[in-house]
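Take a look at the structure set out below.
There are 2 protein chains.
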Amino acid sequence: MANITKKVSWSSRAEESGPAGEGTPLLNGSEQPRQSRQDSLRGRPKEIPHNEKLLSLKFESLDYDNIENQLFLEEERRMSYMGFRCLEISRWVVCGLIGFLTGLIACFIDIVVEELAGIKYQVVKENIEKFTEVGGLSISLILWAVFNSAFVMVGAILVACFEPIAAGSGIPQIKCYLNGVKIPRVVRLKTLLVKVCGVICSVVGGLAVGKEGPMIHSGAVVAAGVSQGRSTSLKRDFKIFEYFRRDTEKRDFVSAGAAAGVSAAFGAPVGGVLFSLEEGASFWNQMLTWRIFFASMISTFTLNFFLSIYHNKPGDLSSPGLINFGRFENDSVAYNLYEIPLFIAMGAIGGLLGALFNVLNYWLTIFRIRYVHRPCLQVMEAMLVAAVTATVSFTMIYFSNDCQPLGPDHNEEYPLQLFCADGEYNSMATAFFNTPEKSVRSLFHNQPGTYNPLTLGVFTLTYFFLACWTYGLAVSAGVFIPSLLIGAAWGRLCGILLASITGNDSTWANPGKYALIGAAAQLGGIVRMTLSLTVIMVEATGNVTYGLPIMLVLMTAKIVGDYFVEGLYDIHIKLQSVPFLHWEAPATSHWLTAREVMSSPVTCLNQIEKVGTIVDVLSNTSTNHNGFPVVAQVAGSDEPAKLCGLILRSQLIVLLKHKVFMELARSRLTQRKLQLKDFRDAYPRFPPIQSIHVSQDERECMMDLTEFMNATPYTVPQETSLPRVFKLFRALGLRHLVVVNDENKVVGLVTRKDLARYHLGKHGLEELQLAQT
Amino acid sequence: MANITKKVSWSSRAEESGPAGEGTPLLNGSEQPRQSRQDSLRGRPKEIPHNEKLLSLKFESLDYDNIENQLFLEEERRMSYMGFRCLEISRWVVCGLIGFLTGLIACFIDIVVEELAGIKYQVVKENIEKFTEVGGLSISLILWAVFNSAFVMVGAILVACFEPIAAGSGIPQIKCYLNGVKIPRVVRLKTLLVKVCGVICSVVGGLAVGKEGPMIHSGAVVAAGVSQGRSTSLKRDFKIFEYFRRDTEKRDFVSAGAAAGVSAAFGAPVGGVLFSLEEGASFWNQMLTWRIFFASMISTFTLNFFLSIYHNKPGDLSSPGLINFGRFENDSVAYNLYEIPLFIAMGAIGGLLGALFNVLNYWLTIFRIRYVHRPCLQVMEAMLVAAVTATVSFTMIYFSNDCQPLGPDHNEEYPLQLFCADGEYNSMATAFFNTPEKSVRSLFHNQPGTYNPLTLGVFTLTYFFLACWTYGLAVSAGVFIPSLLIGAAWGRLCGILLASITGNDSTWANPGKYALIGAAAQLGGIVRMTLSLTVIMVEATGNVTYGLPIMLVLMTAKIVGDYFVEGLYDIHIKLQSVPFLHWEAPATSHWLTAREVMSSPVTCLNQIEKVGTIVDVLSNTSTNHNGFPVVAQVAGSDEPAKLCGLILRSQLIVLLKHKVFMELARSRLTQRKLQLKDFRDAYPRFPPIQSIHVSQDERECMMDLTEFMNATPYTVPQETSLPRVFKLFRALGLRHLVVVNDENKVVGLVTRKDLARYHLGKHGLEELQLAQT
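Written out as structure tokens, the structure is:
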């Protein structure tokens, strides 16, 4: 039986949160012109409530349902079949552009990182070699730590002071965006710039991070920018793609951008498509999928092409992603049936370690939210982590005696001799004197015997905690590569142990395949993706033979991990109290009906409404909704009236701004009729109501909303069960769902927050508290 | 501007089609107990209208929306959280079973085909060798032709006389099922048996067919059977999985089954998932996708495991599918940037050839519908094709002088010396003396110089026409492998020509990769799949390097092909006048509103209705709908009344059968309350109204529908535009959508046929005619 542990009525909640909410009015256009300093303060973790039983009301929703008002229908009806064809072609063009630009960005990041990191390693290596002979290696350590901290400082300052939303990998934010939550400033040009510079700094700064995750965010920003044909930040409007200036179309392009990002990061176009679908889509559309696929394809192709030129092998298209796991040779690839239980066991280990990682990171994040919320503290923490990373690495290199002979093919780029004999190098040093991508590849492909088991064990342990500490810092960085690296290290360790147990039987001889399985297990245990991750791994390794084991491992890791704690991204989404809608309503929620779920009473507007009323309604800071049902005639205060349509705050703002008043229309006959273009020009940053001046005379005028409201909004009867409401809402990506009684009279309104606040907790169905912050 | 070329009101259409419809009453339970003979007559092409401007009314829809009546809600509310967990676990178990059984079936087909074909080739080869010396090869020809025709005859008799729906690959039927159209008898046990035997016969019979397509159908049947926990044909009810006895759940399992089929056929689990999604799904659900993935995984694993035992290499899991394209070695795999235009050109050729194939097959199908509709004619045609195939093959082998030296590794299983010198074999003969799967693999992997260009050219041409003639015969067979074979042949030809033009430059030396590209182009040109086919090809070749070229080729083939004609499956769906819903409403259909689209007037029932009225409504053969809005009080004849709910014909039938009359309930207080189980037991073959006896007294009783109707059906206002109605209908997989006026009174009903009849033709928006046949 469903057990509703907490049930608070909307009205009482509104009272509770009312006063608190006055500080941050929930206006659709709440982005008042502020100082940049103030602006940057807004997204800081200080405002994040650190209670996961809260649901924030500060997030607005995106509207994936077309507003079919008369203007829209007229435009659609005017358009010929050729017009729609052209539109379709321009969608393809935009997707091509998205793919191209995303690929270019990936290429830029890759080249800059490679050059800068190369310089750093060279300098440090020479310094170490100099001081190995004469003693005084502590100077090298300081040099190294200063180098790292300096890079990380630049990155952290950029992120913490200019664009806090650019921190981390950006995947949770993109997940939210695709889910329909408007995270402020997440797809802006400035975010992109900070992200790109930030990720370069943090990777070059030697943090335990990857540059792959941020590519997904970058791709999404590119998509959101290109598809709109203008940049609000640069104040340029190219007057193209105006048709795409609405949430529905923009969402489609953003999913293409995210897919292009994955594709560029891992050279996995199909994996990118699946990522976009797994994380974002609700309604699967074939044409859209193909466009996403196209964007992914172009993205990986662009990256590949420019990197091939950079590597002086123009036309060689064999390194399709930022990370290339290297090709597994066929003989090392074969696996046997009796190895599958082993793989599954490794999946379980990955799930356990992933859960541990997530729990530690969760505590750390709570700590950060409470105590490390000022930019200077954040920058200092990042620098501290960078210095510690350098110190730990240095200590481990220093105390490690794991000397390996220099191979004839010299595949170590920066071999460090240190205290090893001539012709040998320190193998621990290679693990740290490399970008993490190359370390992963070495773990997959180096000959058996390259690594000492003890080295690997210590490395795994250290890197695990370093990576866990690093994720959540105010730097742009991803968690994919560190996870893969940790997993590859303990996976290879497993392989070595197996080989020594079985006495070097040829089957077990290759630890590389166990490194691959371990990497998959660890990553799966942390992020809990299955289908898309399988395909990404398969595409990145260039070999499908391992598809089945990887799937099994990822599933095991997910099942084991989910038993303890959610995935890392979900934890961070929850910590920000985002009203995230999952795939289905909680199983035991058939008890609830729309009547209990909806917000009520609803502020309704008349079809012909007094301007003063509208301004008052919009200015009322305790109003929570951005959509207003339009009714035939508002009767009493609480008497329900017959539904005629639905109008949004943003539309009313535009109407007020253009002063579309009936009296004025009569007096000035020549006044231009308001067009869809006027709404599109204002999209997506509609001005706040405070910025619109309405004189006392004008307040007495009337506005006719008939032409602008959505005359056929989706409705549900008030007896509808929550799962049914949820299904309709989620499948169509709605923002407002009007609840009517059996006479088609408005009795309530269901929004995302009303649905997201029910979730299955440990004690059955729980209801989250709504908070204004 | 939208140009509606034909607009017929529903009422006039109903009159036109009324008399014709009396022969085949459109009842939900129209499957009266008939003779098997009569039964088998029903699905025959005779009844297929050969006008593609018609939309058949004989197909019913599936209902992917849960019927949320009081019984359902009570059950859901009674169920604890653990109950839902158990349900989820049993879904996984069912998916595992589906995968396992599908893999077993694939394994069975593969082994039987290999054994039988081996015997056939051996006998014919010995016979040919005997007569090559002494002359009189015509006897061998006759032997061969008789062999082939005999096998094909068995297959064709099975299909034509016992289960006509088992003809072909079954992919169009499964597409329709997943789209929501109930194709009669498509997921029955008998269909599966006929399909399996039929495909073995037709492959062994040497037709230009593959055994891969039918696997998808087989998987779907297995899924539909296993998930219901009973077999109506075998009259066994295992009393398990009763919860899954409704369209929604069954659809989910059938998509898993189809995916498992693809996975077993091509060893492509991810491709299978994408196939199911690309062809079927509308609402993407993460958990469902994972289950589908699991089924695919188990399926390929099972096949792999049992085949490894059959091949005496137990535990070796390297041949995951029925067809294994063989591994492309790394050195032959590399491609250069300047080859991409070539690949695209090959894609265009594939599109052209594919369109030609489809057009020829379209004409042939029209011819077959008109003239070849009796089972004996169909069997004779199939035998004729078998004999012709044998003759053509023989003639080509006979006249071909393309002798090749026997390789040292002897990779030809049945080398035929014929007139070649000792130590040589006839290379044309290998192309025919092989299952098509092996021929494809030879074309991909054999050394340069194995095939004579002329041989390949003639082979391509012949096989093209043979395959085109074969598809649509009354045999179970797929078109994937013939398409791949044709493409591989002309692709390899291109490769050889390129090599000779460029003077054996090493880049162009390997014709195998062009064979691969050609195969992809040809298959893409015929079936027009992109994303799923790319992944299938990548997984089947075991190499992701060719992912990008294959994608490009498939996209080009699709674009070029779509310019001329639709894909093969779509052509066949259209020829059967199936009310298939595409992804979106036609672009220029914003002109139409629900008012014009809906069927009206609607037969409504009162909440408390007289039994006699219900029986009369259900018995009325001119009634087209299976769903009846329940209203508060039917006023006049045409006066709309307030909507209370929606009830289905099938529910009414069950109510009548159990005599749930108010008077009886009062008199017999102990009468068992009707439960959801009673509805599930009757699913999916509800008895026809004629089989239910209602006495004259009972006709005067009253029935209370309140408890059984869906009290919260989805509704749209009558002003809603067609695209909006379409989106709601398609996204939620509805069967009936009630159209109401602004007072929530029923004015019409939208069903699948109402939406499917608008399509974009050459002259703008066209409306299809509705026909009863």
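Residue numbers (the working numbering), protein chains in the order written: chain A, 164 to 936; chain B, 164 to 936.
Glycine is no exception: its CB is placed at the ideal position from the N, C-alpha and C atoms.
Legend entry - In DSSP terms, what Cys566(B) is bridged to: The bridge partners DSSP lists for Cys566(B) are Asn589(B).
Inset, instruction - For my contact list, Phe416(B) and Ala371(B) are in at a C-beta cut-off of 8 angstroms; report their separation, rounded to the angstrom. - result: Their Cβ separation, rounded to whole angstroms, is 33 angstroms, which puts Phe416(B) and Ala371(B) out of contact at 8 angstroms.
Inset, instruction - Report all residues from its chain with a CB closer than 8 angstroms to the CB of Ala637(B); omit the five preceding and five following residues, and keep chain order. - result: Result list for Ala637(B): Ala319, Val322, Ala323, Pro327, Ala330, Pro538, Gln541, Val542, Glu544 and Ala545, in chain order.
Inset, instruction - Find the nearest neighbour of Val794(A) within the set Asp867(A), Gly687(A), Pro749(A) and Arg862(A), judged by alpha-carbon distance. - result: Selection Asp867(A), Gly687(A), Pro749(A) and Arg862(A) evaluated against Val794(A) yields Asp867(A) as nearest (Cα-Cα).
Legend entry - Pick from Glu231(B), Val902(B), Glu747(B) and Arg241(B) that is closest to Leu923(B), judged by C-alpha positions: It is Glu747(B) whose Cα lies nearest to the Cα of Leu923(B).
Inset, instruction - At 9 angstroms on the CB atoms, spell out the chain B contacts of Glu882(A), in chain order. - result: Residues of chain B passing the Cβ test: Ala874 and Thr875.
Inset, instruction - Please confirm if the segment 615-626 of chain A is in contact with the segment 524-532 of chain A, defined as three or more CB-CB distances below 8 angstroms between the two stretches. - result: Not touching, per the Cβ criterion.
Legend entry - Residue of Arg655(A), Gly586(A), Ser639(A) and Pro876(A) minimising C-alpha distance to Thr618(A): Relative to the Cα of Thr618(A), the nearest Cα in the group Arg655(A), Gly586(A), Ser639(A) and Pro876(A) belongs to Arg655(A).
Inset, instruction - Tell me whether the beta-carbon of Gly724(A) lies closer than 8 angstroms to the beta-carbon of Ala518(A). - result: Yes, they are a contact pair.
Inset, instruction - Using 10 angstroms around the beta-carbon of Leu516(A), count the other beta-carbons present and answer buried if the total reaches 16, otherwise exposed. - result: By the neighbour-count rule (16 or more Cβ atoms within 10 Å), Leu516(A) is buried.
Legend entry - Rounded distance between the beta-carbons of Leu679(B) and Thr708(B), thought under 8 angstroms: So it is not a contact: roughly 11 angstroms between Cβ atoms.
Legend entry - Tyr634(B) vs Pro335(B) beta-carbon contact at 8 angstroms: No. Outside cutoff.
Legend entry - Residue from Ser782(B), Arg240(B), Gln739(B) and Gly489(B) with nearest C-alpha to Val701(B): Ranking Ser782(B), Arg240(B), Gln739(B) and Gly489(B) by Cα distance to Val701(B) puts Gly489(B) first.
Inset, instruction - Say whether chain A places a C-beta atom closer than 8 angstroms to the C-beta of Pro851(B). - result: So no, Pro851(B) is outside the interface.
Inset, instruction - Mind checking which residues open and close the alpha helix (DSSP H) that includes Pro599(A)? - result: First-last of the alpha helix (DSSP H) with Pro599(A): Pro599 to His608.
Inset, instruction - Just list the beta strand (DSSP E) runs in the segment 733-783 of chain A, keeping only unbroken ones of 3 residues or longer that don't cross its boundaries, in chain order. - result: Runs of the beta strand (DSSP E) lying entirely within the segment 733-783 of chain A, each at least 3 residues long, are 771-773 in chain order.
Inset, instruction - Show which residues of chain A have a CB atom less than 8 angstroms away from the CB atom of Phe892(B). - result: Chain order gives no chain A residues near Phe892(B), where near means a beta carbon separation below 8 angstroms; the closest approach is about 11 angstroms.
Legend entry - Backbone CA spacing between Cys807(A) and Ala683(B) [nearest angstrom]: Looking at the two C-alpha atoms, the distance is approximately 53 angstroms.
Inset, instruction - Give me the Cα-Cα distance between His745(B) and Leu225(B), rounded to the nearest whole angstrom. - result: Cα to Cα, His745(B) sits roughly 16 angstroms from Leu225(B).
Legend entry - Sub-8 angstroms separation of Tyr846(A) and Arg248(A) beta-carbons: Not in contact: Tyr846(A) and Arg248(A) (Cβ atoms no closer than 8 angstroms).
Legend entry - Separation of Ala313(A) from Trp307(A), as counted between CA atoms: Between the alpha carbons of Trp307(A) and Ala313(A) lies a gap of roughly 10 angstroms.
Legend entry - Straight-line gap, Lys820(B) to Gln853(B) (C-alpha atoms, nearest Å): Rounded to whole angstroms, Lys820(B) to Gln853(B) spans 11 angstroms at the Cα level.
Inset, instruction - Could you please give the first and the last residue of the uninterrupted alpha helix (DSSP H) stretch that includes Ser301(A)? - result: Ser301(A) -> alpha helix (DSSP H) spans Leu300 to Ile320.
Inset, instruction - Could you tell me whether the Cβ of Leu895(A) comes closer than 8 angstroms to any Cβ of chain B? - result: Yes, its Cβ sits closer than 8 angstroms to a Cβ of chain B.
Inset, instruction - Using a Cβ cut-off of 8 angstroms (strictly closer), state whether Ala682(B) contacts chain A. - result: Among the CB atoms of chain A, none fall inside 8 angstroms of the CB of Ala682(B).
Legend entry - Secondary structure of Arg795(A), DSSP reduced to three states: Sequence check: residue 795(A) is Ala here, not Arg. Coil at Ala795(A), not helix or strand.
Legend entry - DSSP-derived helix/strand/coil call for His788(B): The DSSP-derived three-state label of His788(B) is coil.
Legend entry - Leu974(A) to Lys773(B) span [Cα, whole Å]: Absent from the structure is residue 974(A), since the part of chain A shown begins at 164 and ends at 936.
Inset, instruction - Taking Gly262(B) and Ser390(B) to be in contact with their CB atoms under 8 angstroms, please state how far apart those CB atoms are, rounded to whole angstroms. - result: Distance from Gly262(B) to Ser390(B) at the Cβ level is roughly 12 angstroms; contact not present, criterion being Cβ atoms closer than 8 angstroms.
Legend entry - Same chain, Cβ closer than 8 angstroms to Phe791(B), five either side skipped, listed in chain order: Contacts found: Val765, Thr766, Cys767, Leu768, Val780, Leu809, Ile810, Leu811, Arg812 and Leu815.
Inset, instruction - Step through the CB atoms of chain A and report whether any lies within less than 8 angstroms of the CB of Phe791(B). - result: Output row for Phe791(B): interface = no.
Inset, instruction - Figure out for me which residue from Ala662(A), Val287(A), Gly443(A) and Glu405(A) has the closest Cα to the Cα of Asn342(A). - result: For Asn342(A), the nearest C-alpha among the options comes from Gly443(A).
Legend entry - Contact set between the segment 903-923 of chain B and chain A, restricted to residues whose Cβ is under 8 angstroms from the partner: The residues in question are Val903, Asp905, Glu906, Asn907 and Leu923.
Legend entry - Under 7 angstroms by beta carbon: chain A residues contacting Arg887(B): From the beta-carbon of Arg887(B), the residues of chain A found nearer than 7 angstroms are Glu231 and Thr875.
Inset, instruction - Could you check the C-alpha separation between Met609(B) and Asn673(B) for me, to the nearest Å? - result: For clarity, residue 609(B) is Asn in the given sequence; the question names Met instead. Looking at the two C-alpha atoms, the distance is approximately 9 angstroms.
Legend entry - Start and end residues, alpha helix (DSSP H) containing Gln449(B): Element bounds for Gln449(B): Gln449 to Tyr473.
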